[in-house]
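Please read the structure below before turning to the comments.
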Amino acid sequence: MSKEIKNILVVDDDIVDVMAVRRLFKRFNMGDNYMLHSAENGQEALDKLRGNGYPAIVPIPRVILLDLNMPKMNGFEFLEEMRADPNLKHIKVIVLTTSDAERDRTHAYKSNVAGYIIKPITLIQFIDAITTFSRY
Ligand SMILES: [Mg+2]
Numbered sequence: 002m003s004k005e006i007k008n009i010l011v012v013d014d015d016i017v018d019v020m021a022v023r024r025l026f027k028r029f030n031m032g033d034n035y036m037l038h039s040a041e042n043g044q045e046a047l048d049k050l051r052g053n054g055y056p057a058i059v060p061i062p063r064v065i066l067l068d069l070n071m072p073k074m075n076g077f078e079f080l081e082e083m084r085a086d087p088n089l090k091h092i093k094v095i096v097l098t099t100s101d102a103e104r105d106r107t108h109a110y111k112s113n114v115a116g117y118i119i120k121p122i123t124l125i126q127f128i129d130a131i132t133t134f135s136r137y
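Those letters in the sequence shown? Residues 2 to 137, by my numbering.
Okay, structure coming up:
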């Protein structure tokens with residue numbers, strides 16, 4: 002059981018930000034225990050979590066790093082739909098955004114996010130997010 006791969010999902014429309022997270026992931030040398038997946042927007046993330054048109058991410062990710070501003074389905078819309086889905090609602094979500102607006106922060110915490118990080122994410126914040134929030 003302890004050898005089970007833990008999945009992490011990054012949901013962000015900005016490829017540069019996704020690559021930055023991938024770099025941190027490599028630097029932390031997490032590849033043995035974790036697998037990093039990505040989606041470009043909330044809809045794609047839901048589809049990948051549910052296996053709609055994509056192979057489902059199994060097991061369900063422990064942690065989702067979620068951008069707020071995205072086309073098609075933004076981070077708040079994603080959170081609303083995810084929290085209404087009994088299979089997905091327990092996943093720890095950490096917002097990763099350029100927005101330090103109080104309104105966005107409040108809105109995010111009302112949707113039960115575990116953390117709110119302003120981009121760019123640092124190595125320490127990343128390690129913290131993954132190791133703290135991916136425990137059972
Ligand atoms: Mg964005």
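Each residue gets a CB set at the ideal place from its N, CA and C atoms; glycine is no exception.
By the C-beta density criterion, ALA130 is buried, having at least 16 other C-beta atoms within 10 angstroms. Under the three-state reduction of DSSP, TYR110 is assigned to helix.
Between ligand 1 and ASP14, a heavy atom-to-CB distance of less than 6 Å is present. Assigned with DSSP and collapsed to three states, VAL96 falls in strand. Its Cα nearest to that of SER39, the residue ILE16 stands out among ILE118, ILE16 and GLY52.
Straight through space, the alpha carbons of VAL96 and GLY116 are spaced by roughly 6 Å. Close CB contacts of LEU10 within its chain, under the 6 Å cut and outside five residues either way in sequence, are with HIS38, PRO62 and ILE65 (chain order). Looking at ARG24, THR98 and ARG84, the one whose alpha-carbon comes closest to that of ILE92 is ARG84. By the Cβ test, the stretch 74 to 81 is in contact with the stretch 100 to 119, since at least three Cβ pairs between them sit closer than 8 Å. Per DSSP, the unbroken beta strand (DSSP E) holding ALA40 starts and ends at 35 to 40. ASN30 has its Cβ no nearer than 6 Å to any heavy atom of ligand 1. Looking at the DSSP output, VAL64 sits in a beta bridge with ILE9 and LYS93. Remark: the shortest separation between the CB of ASP68 and any heavy atom of ligand 1 falls under 6 Å.
If you check the CB distance, ASP105 and ASP68 do not come in under 7 Å.
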